[in-house]
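Colleague: So that you can map any letter, position 108 of the sequence shown is 108 in this note's numbering, and since no number is skipped, the others follow by simple counting.
All C-beta atoms, glycine included, are put in the ideal place defined by N, C-alpha and C.
Model, not experiment: these values are computed from the prediction.
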Amino acid sequence: MTALVTRDDLKAAIDAKTVTVVDTLGGEYYAKQHLPGAVPLVLADVDAHAATVLLDRGAAIVTYCSNPGCPNSGQVADRLTALGYTDVRKYREGIEDWAGAGLPLESQS
Numbered sequence: 001m002t003a004l005v006t007r008d009d010l011k012a013a014i015d016a017k018t019v020t021v022v023d024t025l026g027g028e029y030y031a032k033q034h035l036p037g038a039v040p041l042v043l044a045d046v047d048a049h050a051a052t053v054l055l056d057r058g059a060a061i062v063t064y065c066s067n068p069g070c071p072n073s074g075q076v077a078d079r080l081t082a083l084g085y086t087d088v089r090k091y092r093e094g095i096e097d098w099a100g101a102g103l104p105l106e107s108q109s
């Protein structure tokens, strides 16, 4: 099972630029809003694109999706771990929790 990260710890890591955040919703959801600096990577694309999007297999990575009921972040985290990424955690509460706390979001314009 993938280790979890709290909102506060994730915010601190984003602010310190010590984590790569992976948006597992992708597509129009990513374009509309995503966590600061997040890169889109959905399960169907992990095998083909992880090595080009996530260059350092030892770097801190946090996956997220919409909320605790969304399976995407856990599925992507598990697949990344299977591919040899060693520091993968999941922000279980997801973007709904982040936005609900009034924290900043980005969008593609």
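1) Could you round the C-beta distance between residue 46 and residue 10 to whole angstroms and report it? I think they count as a contact, below 8 Å.
2) DSSP three-state call for residue 64: helix, strand or coil?
3) Contact check, residue 50 vs residue 25 under 8 Å by CB: the rounded distance?
4) Can you grab the Cα-Cα spacing for the pair residue 6 / residue 64, in whole Å?
5) For residue 43, which of 17, 21, 77 has the nearest alpha-carbon?
6) Just curious, the beta strand (DSSP E) that residue 20 is in, first and last residue?
7) Identify every residue that forms a DSSP beta bridge with residue 89.
8) Determine the DSSP secondary structure at residue 39, reduced to helix, strand or coil.
Modeller: This is what the structure holds:
1) About 20 Å separates the two Cβ atoms, so there is no contact after all.
2) strand
3) Actually they are not in contact, since the Cβ atoms of residue 50 and residue 25 sit about 16 Å apart, beyond 8 Å.
4) 11 Å
5) 77
6) 20-23
7) 3, 62
8) strand
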